[in-house]
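Reading through the structure tokens given below for one structure.
In this note's numbering, the protein residues as written are 157 to 251.
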């Protein structure tokens, strides 16, 4: 089965489809994403750039081959996998 990986534009669209996530672009043309809950902002995704890199924080999941610090590289994720991980991250930060 052939896997289709997503571009930066597609990743940004997925991240921005969540109403409680705020996108911030830095001076290196990288995007970070903050969960806005009750006017408190928590970094949940970082390092999204044209090279395909990007990381989502989720220290509660072991199935995503995350690093010891909880950041999961989504470089080669499909759109579905990216959306599922992000939804899980948002849900786990709201409870």
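Heads up, the beta-carbon is just placed ideally off N, CA and C, and yes, glycines get one too.
Distances from the alpha-carbon of residue 184 to those of 204, 238, 213, 245 put 204 closest. Here the C-alpha atom of residue 232 lies approximately 32 angstroms from the C-alpha atom of residue 195. The beta carbon of residue 227 sits closer than 7 angstroms to the beta carbons of 211, 213 from its chain, once the five residues preceding and following it are set aside; these are given in chain order. By the beta-carbon neighbour count (other beta carbons within 10 angstroms, threshold 16), residue 169 is exposed. Per DSSP, the unbroken beta strand (DSSP E) holding residue 192 starts and ends at 187 to 193.
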